[in-house]
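Student: Got a structure here, written out as structure tokens. Questions coming.
In UniProt numbering, the protein residues as written are 1 to 90.
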């Protein structure tokens, strides 16, 4: 991955954080229990997305491996892709 991809992931983290904050505020101000629950479920979904992005960044940038590609790196990237696919980012 290059710096532009990392910047994109970090901007996604920032955006998801803002969305969670907004949903939390709406859940606090909502006077209808069903709508409050919908906001809470949305918050949980966005936290799951944040977890996936954080995991991807950690796997790609903090594993301590060299930048060279070997079969271990290919397997790690396949695992990351599978996790990212399981939770849509948008």
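Ideal Cβ placement from N, Cα and C applies to all residues, glycine included.
Residue 36 and residue 24 look like a contact to me (Cβ under 8 Å); what is the Cβ gap, rounded to whole Å?
Tutor: What you label residue 36 is simply residue 36 of the chain shown in a count that begins at 1. What you label residue 24 is simply residue 24 of the chain shown in a count that begins at 1. So it is not a contact: roughly 10 Å between Cβ atoms.
Student: By the DSSP assignment, the alpha helix (DSSP H) with residue 46 in it spans what residues?
Tutor: What you label residue 46 is simply residue 46 of the chain shown in a count that begins at 1. Start and end: 33 to 61.
Student: Between residue 5 and residue 29, what straight-line distance do the alpha-carbon atoms span, to the nearest angstrom?
Tutor: Mapped onto the chain shown, residue 5 falls at position 5. Mapped onto the chain shown, residue 29 falls at position 29. Answer to the nearest angstrom: the Cα atoms are 36 Å apart.
Student: So is residue 56 buried or exposed if we call it buried at 16+ other beta carbons inside 10 Å?
Tutor: Counting from 1 along the chain shown, the entry for residue 56 is found at position 56. Buried, by the Cβ-count rule.
Student: Confirm, please, whether the CB-CB distance from residue 16 to residue 38 is below 9 Å.
Tutor: On the chain shown, position 38 is the one that residue 38 refers to. On the chain shown, position 16 is the one that residue 16 refers to. No; because the gap between Cβ atoms is not below 9 Å, this pair is not in contact.
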